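Numbering (the working numbering), first residue to last: 31 to 104. All C-beta atoms, glycine included, are put in the ideal place defined by N, C-alpha and C. Since the model is a prediction, treat every value here as computed from it, not as a measurement. One structure below.
Okay, here's the thing in structure tokens:
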């Protein structure tokens, strides 16, 4: 059986605020489902997504951060 997580459950699991998850959902950064008005996440898909983020580390909270760092690093 597939385990689904709510926004609150996943925010606790990832250690981010629910607002951050809503932002990632709106930007289609994180895999999610909308079921009867609820945003749900499959735990296995999120864990796989985390692994891909470790292999290609770009912070989805602020995609411009890498550009800023490249431009202004010493």
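Span of the alpha helix (DSSP H) around residue i
i	result
residue 80	73–85
residue 37	37–44
Under the three-state DSSP convention, the category residue i falls into
i	result
residue 60	coil
Residues bridged to residue i [DSSP beta-bridge criterion]
i	result
residue 69	64
Burial state of residue i, where buried means 16 or more other Cβ atoms lie within 10 Å
i	result
residue 80	exposed
residue 40	buried
residue 60	buried
residue 84	exposed
residue 51	buried
residue 68	exposed
CB contact check: residue i to chain B, cutoff 8 Å
i	result
residue 65	Among the chains of the structure shown, chain B does not appear; only one protein chain is present.
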